[in-house]
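For what it's worth, my numbering labels the leading residue of the sequence shown as 42, then goes sequentially. Note that CB positions come from ideal geometry on N, CA and C, so glycine has one too.
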Amino acid sequence: MIATFQGVREKRTLFFSSPTLISELLERAGTGLAFPCLKQGKCGKCKVRVSGKTSPVTGQEKDLLTDAELEKGVRLACCTFANGNILINYTIPENYFQEFKQKLLKFSEEFDNNNVYNIIYDVGTTTIEVCAVAKNNGNKQYFSFTNPQIAFGSDVMSRLKYAKDHSLEELRRCVHEPFELIKKTLKPEKCVVTGNTVMLHFFEGKDSSGMLDYPFTPSDRFGYEKGGIYFPHCVSAFVGADVSCGILKSELIQNENALLIDIGTNCEMAYCKDGAIYCCSVAAGPAFEGFSTSRGETAKDGSIVRVYLDNGKICSDTLGGGKPSGITGSGIVDLVSVLLKTGVLKKDGYLKDNFFIPGTEVFITPDDVRQIQLAKASVRAGIGTICKDNSVSKVFIAGNFGNALNIQSCVDIGLFPESFLGKTEFIGNSSIDGGKLLLEDENRKKLGELIKKCKLVELAGNNEFAKKYIENIDF
Ligand code: FES
């Protein structure tokens, strides 16, 4: 059965095999829709408009929805099962900020009112992460939530288009209002707002239209403090403040021939050679982040995070050990590696049919394989263009996807060259960690100097990149 999700501008699809609550499908699809009463059918806030095969209207829905809404196909996502192919229309719920406030309140209850905090607000394309650092003892508390802009498209290009054709203000509000609420609640002394270049433009409501087409020119490269908020430098439209924070945090410049790589929807790289830092960015799509593949999901209880061979048998590990609900980005890299080893998947990417992971209802389709194939070809071609594979002395892997990766599986599927084995180091969310360093003036100056050493390696129209991309399409 297929569920199709229609956001404000973007359509996505998911496969499911048995009657499933629409709220669960929305979560799997990473829509960011909120469920304020924890899916108890009490608040009436999880309204979606559906057409297709659904379970009958419940008593709770009759109480909370008007007749006119029911006639239009409006249902409560937490009360309605999808029993067959279904189209689900969703938008950012009006209650989003109300729900966010409740989450924030819970977060702030754990704070010591006698302490002063500094805030790092990392605006990722998919997730916004907040780190509060206590000034007196350096204790850190973290808090994250889905970037509500996801309703306008899962990638930055769809959102840039929406900003140009419709409303930059709507996108600004999505990332700015939560920040204002955090500021009001925690009253921080200093704030650093980091993230990719596009997100910083949206946060500040700056003209982002120049980044939609070649030569992809941002209207600002930041690297200054404004209104008590420090915005780290961006190198280019697609090498943003998150990368410059990573360059600072990893001390890349101290490591000749070291590569920093942050794999997300966009994969950014920085390579240190002869005192310069060469930077580039490739589009990898959301497959590695657990979105967009048929059963892909971000890590949560029930997610398959690891797939491996044991005595020739395909086995998997699930977070929390419960019934598997989907597979994370790292799990899917393992799965592709195992399918290649067993010959189920051919080197050229041919997979005859959907493949179910034994003992589960989680599967991979030939289309999913294609997405992984194209994403890994992009990343590998980027690596090959920015540095010679064998010359790399050290590889810093940043980002949440990085932490869970099995490097051998990455080599097996051709995402990384074999020469990376034994040289990798996971450095976690270097955007947040670099942001923390930027609470200090001294580090802001240091970053300013590092940025002068950065050289952008342009990949659009780059023949070497195009050649390597084609070479790396096969596994
Ligand atoms: S989340 Fe409250 S009614 Fe669905």
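**Study point:** residue 83 beta carbon near the ligand FES (any heavy atom closer than 7 Å)
**Key:** Residue 83 Cβ: within cutoff of the ligand FES.
Review point. With respect to 7 Å, is the separation between the Cβ of residue 80 and the closest non-hydrogen atom of the ligand FES below this value?
Key: yes
Review point. If you follow the alpha helix (DSSP H) that residue 476 is part of, which residue opens it and which one closes it?
Key: 471-478
Practice item. Within its chain, find whatever has a CB closer than 6 Å to the CB of residue 399; leave out the 5 residues flanking it on each side and keep chain order. Key: 355
Point to revise | Whole beta strand (DSSP E) elements within the segment 164-214, 3-residue minimum | key: Whole beta strand (DSSP E) segments, 3+ residues: 168-175, 181-187.
Exercise for review: Compare the C-alpha of residue 256 against each of 505, 497, 64 and name the closest.
Suggested key: Out of 505, 497, 64, the CA that lies nearest to the CA of residue 256 is found in 497.
Check your understanding: Is it buried or exposed for residue 490, if we count other Cβ within 10 angstroms and need 16 for buried?
Key -> exposed
**Study point:** Nearest-angstrom Cα separation, counted from residue 362 out to residue 252
**Key:** 43 Å
Review point. Does the distance from the CB of residue 287 to the CB of residue 261 come in under 8 Å?
Key: no
Review point. By how many angstroms is the C-alpha of residue 402 removed from the C-alpha of residue 53?
Key: 20 Å
Point to revise | CB contact flag (residue 171, residue 184, <8 Å) | key: yes
Practice item. State the DSSP-derived secondary structure class of residue 514, mapped to helix, strand or coil. Key: coil
Check your understanding: For the ligand FES, any of its heavy atoms closer than 7 Å to the Cβ of residue 186?
Key -> no
**Study point:** Three or more C-beta pairs below 8 Å linking the segment 418-429 and the segment 295-309
**Key:** yes
**Study point:** beta-carbon residue 257 near the ligand FES non-hydrogen atom, thresh 7 Å
**Key:** no
Point to revise | residue 330 and residue 167 closer than 8 Å at C-beta | key: yes
Practice item. Pull up the CB-CB distance for residue 66 and residue 109, whole angstroms please, since I reckon it's below 8 Å. Key: About 25 Å separates the beta carbons of residue 66 and residue 109, which is beyond the 8 Å limit, so they are not a contact pair.
Check your understanding: By how many angstroms is the C-alpha of residue 249 removed from the C-alpha of residue 280?
Key -> 15 Å
Practice item. Provide the residue span of the beta strand (DSSP E) that contains residue 328, from first to last. Key: Bounds of any beta strand (DSSP E) do not take in residue 328, whose DSSP letter is neither H nor E.
Check your understanding: If you check the beta carbons only, do residue 178 and residue 229 fall under 8 Å apart?
Key -> no
Review point. So does residue 118 have its beta carbon nearer than 7 Å to some heavy atom of the ligand FES?
Key: yes
Practice item. Check whether the Cβ of residue 86 sits closer than 7 Å to any heavy atom of the ligand FES, and report yes or no. Key: yes
Check your understanding: When the Cβ atoms of the segment 308-324 are set against those of the segment 446-454, are three or more pairs found closer than 8 Å?
Key -> no
Exercise for review: Please go through the same chain and pick out, in chain order, the residues whose beta-carbon is closer than 8 Å to the beta-carbon of residue 487, but skip the five residues on each side of it.
Suggested key: For residue 487, same chain residues with a beta-carbon under 8 Å away, outside a window of 5 residues either side, are 289 in chain order.
Check your understanding: Based on Cα-Cα distance, which residue from 111, 101, 63, 155 lies nearest to residue 129?
Key -> 63
Review point. Taking 7 Å as the line, does the beta carbon of residue 141 fall inside it for any heavy atom of the ligand FES?
Key: no
Exercise for review: Tell me, to the nearest whole angstrom, how far the beta carbon of residue 345 is from that of residue 414; I am working on the premise that it is less than 8 Å.
Suggested key: No, residue 345 and residue 414 are not in contact; Cβ-Cβ is about 20 Å, not under 8 Å.
Point to revise | Proximal residues to residue 389 (C-beta, below 7 Å), its chain only, five neighbours per side dropped | key: 515
Practice item. Measure how close the beta-carbons of residue 91 and residue 43 come, nearest whole angstrom, since I'm counting them as under 8 Å. Key: Incorrect: roughly 13 Å between the Cβ atoms, too far for contact.
Check your understanding: In three-state terms, what does DSSP make of residue 358?
Key -> strand
Review point. Alpha carbon to alpha carbon, how far is residue 57 from residue 336?
Key: 8 Å
Check your understanding: Excluding the five sequence neighbours on either side, which residues of its own chain have a C-beta within less than 6 Å of the C-beta of residue 220, listed in chain order?
Key -> 162
Check your understanding: Helix, strand or coil for residue 159 per DSSP?
Key -> strand
Practice item. Taking all protein chains shown into account, decide if residue 394 is buried (16 or more other Cβ within 10 angstroms of its Cβ) or exposed. Key: exposed
Check your understanding: Considering only residues of the same chain and omitting the five flanking positions on each side of residue 101, which have a CB-CB separation below 6 Å?
Key -> 82, 120
**Study point:** residue 262 (DSSP reduced to helix, strand or coil)
**Key:** coil
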